[in-house]
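Numbering (the numbering used here), first residue to last: 36 to 167.
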């Protein structure tokens, strides 16, 4: 059973890594979500031992560790918050640059920076000419 969980987690992680390397912002966010879910699945798989409740074990038999379930729940909540933040950031970038492609955003940002630099140099030249 643990082998199945390991294979599914590896598949999720590999798919997430592939999506992270994509040039589309929404796919990058989906890659982060898949990697986060692979981590959650790994945490759940680590606590798949059967045993007595850890409250008061009367025998020397195996006890189940509830820490992995608590960590998985924490990872799910943190993953949800990170996903919401990333989606809001993607929304703002799409509103500002009107594109989801990283290459187009980089070109647009470079052209805006070049325009700002030209304006700044013109203003600086005008100030020097006025000072003479």
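Idealized CB from N, CA, C, for every residue including glycine. Please read all numbers here as calculations on a predicted model, not as lab measurements.
Residue span of the alpha helix (DSSP H) that contains residue i, given as start and end
{"i": "residue 105", "result": "102 to 132"}
{"i": "residue 136", "result": "That residue, residue 136, is in no alpha helix (DSSP H); it is neither H nor E in DSSP."}
{"i": "residue 77", "result": "60 to 81"}
{"i": "residue 46", "result": "37 to 55"}
Anticipated Cβ contact below 8 Å, residue i with residue j, distance rounded
{"i": "residue 69", "j": "residue 37", "result": "Not quite, the Cβ-Cβ distance comes to about 20 Å (not below 8 Å), so this is no contact."}
{"i": "residue 121", "j": "residue 75", "result": "Rounded, the Cβ-Cβ distance is 17 Å, inconsistent with contact."}
{"i": "residue 77", "j": "residue 44", "result": "5 Å"}
{"i": "residue 79", "j": "residue 103", "result": "7 Å"}
{"i": "residue 142", "j": "residue 58", "result": "The Cβ separation is near 12 Å, so there is no contact."}
{"i": "residue 61", "j": "residue 118", "result": "Contact doesn't hold; Cβ gap of about 12 Å is too wide."}
{"i": "residue 96", "j": "residue 86", "result": "6 Å"}
{"i": "residue 140", "j": "residue 128", "result": "7 Å"}
Buried/exposed call for residue i, threshold 16 Cβ in 10 Å
{"i": "residue 72", "result": "buried"}
{"i": "residue 107", "result": "buried"}
{"i": "residue 54", "result": "buried"}
{"i": "residue 115", "result": "exposed"}
{"i": "residue 47", "result": "buried"}
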